[in-house]
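*Asks:* First residue of the sequence shown? That's 288 in the working numbering, and the numbers climb one at a time after it.
Each residue gets a CB set at the ideal place from its N, CA and C atoms; glycine is no exception.
Because the structure is a prediction, the values reported are computed rather than measured.
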Amino acid sequence: MNRLFLCVCLVITLAGVGRGQSDPSKPKAKVGRTARAKSSVAKQRTRRLNKREAKQSLAFARTHHPELAKLISRLKNAGNRPAYDKAVLELFRTAERLERAKVANPKRYELMLELWKLESQARLMVAQQAMKPDDDRDARLKRTLRRRAELRREMLAADIKRSRERIGRIETQLKTLENLDAAADRELRRLQRAAKMTVSRSKGRSGKRDRKAVSAEAGRRTGKQGKQAVKKTVRTKDKSKP
Numbered sequence: 288m289n290r291l292f293l294c295v296c297l298v299i300t301l302a303g304v305g306r307g308q309s310d311p312s313k314p315k316a317k318v319g320r321t322a323r324a325k326s327s328v329a330k331q332r333t334r335r336l337n338k339r340e341a342k343q344s345l346a347f348a349r350t351h352h353p354e355l356a357k358l359i360s361r362l363k364n365a366g367n368r369p370a371y372d373k374a375v376l377e378l379f380r381t382a383e384r385l386e387r388a389k390v391a392n393p394k395r396y397e398l399m400l401e402l403w404k405l406e407s408q409a410r411l412m413v414a415q416q417a418m419k420p421d422d423d424r425d426a427r428l429k430r431t432l433r434r435r436a437e438l439r440r441e442m443l444a445a446d447i448k449r450s451r452e453r454i455g456r457i458e459t460q461l462k463t464l465e466n467l468d469a470a471a472d473r474e475l476r477r478l479q480r481a482a483k484m485t486v487s488r489s490k491g492r493s494g495k496r497d498r499k500a501v502s503a504e505a506g507r508r509t510g511k512q513g514k515q516a517v518k519k520t521v522r523t524k525d526k527s528k529p
C-alpha cells in the first residue's frame, strides 16, 4: 500500500512539474491576471469532483493511459481517498484543457494529446524506477522521452510558422496605412457606402409599410362601402312592400 501511495504521489508531483513548462504559443499573463489565476487554481486543487466528473476522468485515463487508470482505481479501493481525489482532479483538469484545444485547433489537439500520453507514461516509469530500478524500464523511459522531445520540437515549429503567418498579415495591414491621406479617403468612402446602403434599406422598408397601409385602408373602405350598399338595398326592398 505504501509503495502504491508513493508511486501515485510521485506521478502527481511530476505532473505539476510538467505543467510548469511554459507554452510559447500563449502570451504571458499580466501580474493581476496571474494572481487571479493562481487563486483559481488553488480553489480547483482543493475541491472534490462529483461522481460524474470522477467517472469522466477515469474514462479519459483508461482510454489514453490504462496503466495509470488501474493504479488510481487501486487507490480508491485501498481507501486512500485524499490521494485518489487529487489524482482524478489532475486527470479532470488535463481532459478539460485538451477538450478546449480540440475545439480551438484540432490538429494541435492531436499533438497535445500524444504529448500528454508520453509525459504520463514517462512520469509513471520515473516513479517506478525510483522505487525499483530496472534496466529495461530505463531504456523504455529514454525512448519515451526522446519521442516526447520530437513532438515538442514539432509543436514549436508549428508555433513559429503560425507566428510568422500572423506577422505577415500584420505587415500587409501596416503597408495599407503608409499613406495616411489615402487610408483616410478609403475609410471615408467605406463609411459613406455603408451609410447609403443603410438609408436605402430603411427607405425600402418604409415604402413597403406605406404600401401595405394604403392597401389595408383601401380594403377597409371597400368593405365599408359594400356593407352600406347592402343596407341601402335592404331598406329599399322594405319600402317597396305593400
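#1: Taking L432 as the reference, which of I447, V486 and K404 has the closest Cα?
#2: For F347, collect the residues of the same chain with a Cβ closer than 7 Å to its Cβ; drop the 5 residues on either side in sequence, then sort them by chain order.
#3: Using a threshold of 7 Å, is the CB atom of Q408 nearer than that to any non-hydrogen atom of the ligand ADP?
#4: Give a yes or no on whether 8 Å exceeds the smallest Cβ distance from Y371 to chain B.
#5: According to the neighbour-count rule (16 or more other Cβ atoms, all chains shown, within 10 Å of its Cβ), is A365 buried or exposed?
#6: Hey, how far is the Cα of R335 from the Cα of Y371?
#7: From L443 to L475, what does the alpha carbon distance come to, in whole angstroms?
#8: So, with DSSP's three-state summary, where would you put G455?
#9: Can you grab the Cα-Cα spacing for the pair A470 / Q460, in whole Å?
#10: Which term fits S344, buried or exposed, when burial requires 16 or more other beta carbons within 10 angstroms of its beta carbon?
#11: Mind checking which residues open and close the alpha helix (DSSP H) that includes H351?
#12: Whose C-alpha, out of A374, K373, V375 and E401, is nearest the C-alpha of L385?
#13: Out of E406, K419, E397 and R387, point me to the one whose CA is closest to R434's CA.
#14: Go ahead and pull the three-state DSSP assignment for P311.
#15: Give the secondary structure of G491 by DSSP, where H, G and I count as helix, E and B as strand, and everything else as coil.
#16: Return the residue from the list M484, S360, K448 and Q408 that minimises the CA-CA distance to H351.
#17: Please classify I359: is it buried, with 16 or more other beta-carbons within 10 angstroms of its beta-carbon, or exposed?
*Replies:* In terms of the structure at hand:
#1: The residue labelled residue 432 in the question sits at position 145 within the sequence shown. With distances taken between Cα atoms, L432 lies closest to K404.
#2: One-based indexing of the sequence shown puts residue 347 at position 60. So the list reads L378 and A382, once near-sequence residues are dropped.
#3: In the structure on display, the ligand ADP does not appear, and there are no ligands present to speak of.
#4: Among the protein chains of the structure shown there is no chain B, as only one such chain exists.
#5: Taking the first residue of the sequence shown as position 1, residue 365 is located at position 78. A365 should be labelled exposed.
#6: As a position in the sequence shown, residue 335 is number 48, starting the count at 1. As a position in the sequence shown, residue 371 is number 84, starting the count at 1. About 10 Å.
#7: By 1-based counting over the sequence shown, the position of residue 443 is 156. By 1-based counting over the sequence shown, the position of residue 475 is 188. In a straight line, the C-alpha of L443 is about 42 Å away from that of L475.
#8: The residue labelled residue 455 in the question sits at position 168 within the sequence shown. The DSSP-derived three-state label of G455 is helix.
#9: Taking the sequence shown and counting its residues from 1, the one referred to as residue 470 is at position 183. Taking the sequence shown and counting its residues from 1, the one referred to as residue 460 is at position 173. CA-to-CA, the gap between A470 and Q460 works out to about 11 Å.
#10: In the sequence shown, counting from the first residue as 1, residue 344 sits at position 57. Label assigned to S344: buried.
#11: The sequence position of residue 351 within the sequence shown is 64, counting from 1. Residue range K338 to H351 is occupied by the alpha helix (DSSP H) that includes H351.
#12: To locate residue 385, count along the sequence shown from 1; it is residue 98. It is E401 whose Cα lies nearest to the Cα of L385.
#13: Translated into the one-based positions of the sequence shown, residue 434 becomes position 147. Taking only the C-alpha atoms, the option nearest R434 is E406.
#14: For this step, residue 311 is matched to residue 24 along the sequence shown. Caution is warranted here: a pLDDT of 49 is assigned to P311, below 50, making its placement in the model unreliable, and the coordinate value is therefore given only provisionally. DSSP, reduced to helix, strand and coil, places P311 outside both helices and strands of the structure shown, so it counts as coil.
#15: The residue labelled residue 491 in the question sits at position 204 within the sequence shown. Residue state, collapsed to three classes: helix.
#16: Taking the first residue of the sequence shown as 1, we reach residue 351 at position 64. Of the candidates M484, S360, K448 and Q408, the one whose C-alpha sits nearest the C-alpha of H351 is Q408.
#17: Against the sequence shown, residue 359 aligns to sequence position 72. I359 counts as buried, since no fewer than 16 other beta carbons sit within 10 angstroms of its beta carbon.
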